[in-house]
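**Q**
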Amino acid sequence: MKLIQQTVGMISTNCYFIQDETSGQAAIVDPGGVSQLVDKAVSETGRQNVRYILLTHGHFDHIAAVKHYQQLTQAQVVIQKQDVPMLADESINLGGVYFPGGMEPLQADIVLQDGEELALGNSKIKLLHTPGHTAGSSCYLIGDSLFTGDTLMHQSVGRTDFPTGNYQQLKSSLQRLNDLEGNYTVYPGHGPATTLAFERANNPFLGKNYYDDIY
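If you want this note's numbering, it's the position in the sequence shown, counting the first as 1, plus 14.
1) Quick one: give me the first and last residue of the beta strand (DSSP E) that E13 is part of.
2) To the nearest angstrom, report how far apart G115 and N197 are at their CA atoms.
3) Does DSSP put Y198 in a helix, a strand or coil?
4) Distance check for A215 and D97, CA to CA, integer angstroms please.
5) So, using beta-carbon positions, are T27 and H76 closer together than 8 Å?
6) Could you check which residue in L191, M100, Q19, Q94 has the C-alpha nearest to that of K54?
7) With a threshold of 7 Å on Cβ separation, who are the neighbours of E131 within its own chain once the five nearest residues in sequence on each side are excluded?
8) By alpha-carbon positions, which one of V200, V171, A149, V52 ends up nearest to P218?
9) Cβ atoms of Q39 and K16: under 8 Å apart, would you say?
10) Helix, strand or coil for G205, going by three-state DSSP, please let me know.
11) Which residue from V43, V52, H82 puts its Cα closest to that of L69?
12) From L188 to E35, what distance separates their C-alpha atoms?
13) Just grab the DSSP bridge partners of I42 for me.
14) If we count the other Cβ atoms within 10 Å of its Cβ and call it buried at 16 or more, is A133 buried or exposed?
15) Within its chain, find whatever has a CB closer than 6 Å to the CB of V100; leave out the 5 residues flanking it on each side and keep chain order.
If you want it as structure tokens, here you go:
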């Protein structure tokens with residue numbers, strides 16, 4: 015799988031362009047702002063080959079450039095069912111905090127539930143529902159890569175004090191990631207890439223005793 019990453023937007027969100035190199039089919043993950051690198055990759059790949067815009071959750075800093083990439087590629091917007099309302103409501107996607115009235119309502123084209131898969135050429139995209147940061151927060155598992163949004167980051171995790179956040183759910187979601195068999199390269203919503211093995215060993219939030227001690 016080919017991968018391009020660029021940090022975008024006012025909160026330094028990671029936007030990813032991924033491509034199944036055998037078929038040439040591609041997807042964009044969490045376009046929180048317009049990325050020159052992603053625009054170039056779309057042009058080189060062919061707009062018709064960009065199949066999906068994959069959203070790990072519905073916060074404004076992960077969806078702000080969805081409309082741009084819809085118009086550029088006609089790709090289908092994918093999100094977990096419980097975060098669908100966030101796409102059209104700036105009071106819960108937090109867009110209203112930063113630029114009231116500036117978030118154009120969006121619609122999902124494909125709504126997934128836990129464990130459902132999409133084909134990207136010869137690759138499979140599997141959604142893992144990992145609520146906590148938001149009710150619909152999810153990770154996308156593609157081969158040995160795990161796109162975790164704001165659920166799991168390098169030695170950190172997403173906060174739970176925003177609308178639909180829930181620390182008990184986040185605790186369970188982190189335990190689920192911790193229990194995945196094997197190792198994966200983790201591509202988070204913010205900060206550097208890491209590995210699941212490294213986070214198991216070094217991320218205090220992945221240890222179940224952390225939340226037990228605090229809460």
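Ideal Cβ placement from N, Cα and C applies to all residues, glycine included.
**A** In terms of the structure at hand:
1) The chain is shown only over 15 to 229; residue 13 falls outside these bounds and no answer can be derived.
2) 42 Å
3) coil
4) 31 Å
5) yes
6) Q19
7) K138, I139, K140
8) V171
9) no
10) coil
11) V43
12) 31 Å
13) F31, I67
14) exposed
15) According to the sequence as given, residue 100 is Met; it is not Val. G72, I106, N107, listed in sequence order.
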